[in-house]
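See below for the structure under consideration.
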Amino acid sequence: MKGSYVLILKVKKDVNCNIGRLGKTLFKKGFYAYVGSAMNGLERRVSRHLSSNKRFHWHIDYLLKCSNVEEVFYKESEKKEECTIAGAFNGFIFIEGFGSSDCKCRSHLFFSEFKEKLAEVCRNIGMKHYMVDE
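Numbering (our numbering), first residue to last: 28 to 161.
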């Protein structure tokens, strides 16, 4: 399956996390929506994000050390739609440059104090809930 996904993460307390080339970044207690794409296997990409045993490659890999995945949403597509999906989070606080080094978006990571507000955006744009094997 090809497509795009949103990881909804929980940061339990304010934390400074070293995010690769972005450097030390403050993440406030709350919830974050990370938008990504996986054109070579959506299931494999999501499984990689959920795994604790991986080499750090993307910004999200570093943030996952400091947070927990609460929910995952996805949208099947033959083309990359992550920038369009990121645009749906317009109006949310964002972390400048996070996850968007290969596009013109300001960010692919968005903050809210309320998980449901982030999940609602995903549902409103037709994303499906991804069932995570525990």
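Ideal placement from N, C-alpha and C gives every residue a C-beta, glycine not left out. Just so it is clear, the structure is predicted and the values come from calculations on it, not from any experiment.
- Taking 3 residues as the shortest admissible run, the stretch 39-105 contains the following complete beta strand (DSSP E) segments, listed from N- to C-terminal end: 42-46, 50-54, 57-65 and 95-103.
- Taking C-alpha positions only, glycine 126 is separated from isoleucine 112 by approximately 13 Å.
- Taking 8 Å as the upper bound for CB-CB distance, leucine 49 and asparagine 95 are not in contact here, some 20 Å apart.
- Between the stretch 53-70 and the stretch 137-149, the count of C-beta pairs closer than 8 Å reaches three or more; the two stretches touch.
- Between the stretch 99-117 and the stretch 141-151, the count of Cβ pairs shorter than 8 Å is three or higher; the stretches touch.
- Leaving aside the five residues that flank cysteine 132 on each side, the residues in its chain whose CB is nearer than 6 Å to its CB run, in chain order, Cys110 and Ala113.
- The C-alpha of lysine 55 is placed about 32 Å away from the C-alpha of lysine 29.
- Lysine 144 carries a helical assignment under DSSP once its states are collapsed to helix, strand and coil.
- Membership of phenylalanine 116 in any beta strand (DSSP E) is not indicated, and neither H nor E is assigned to it by DSSP.
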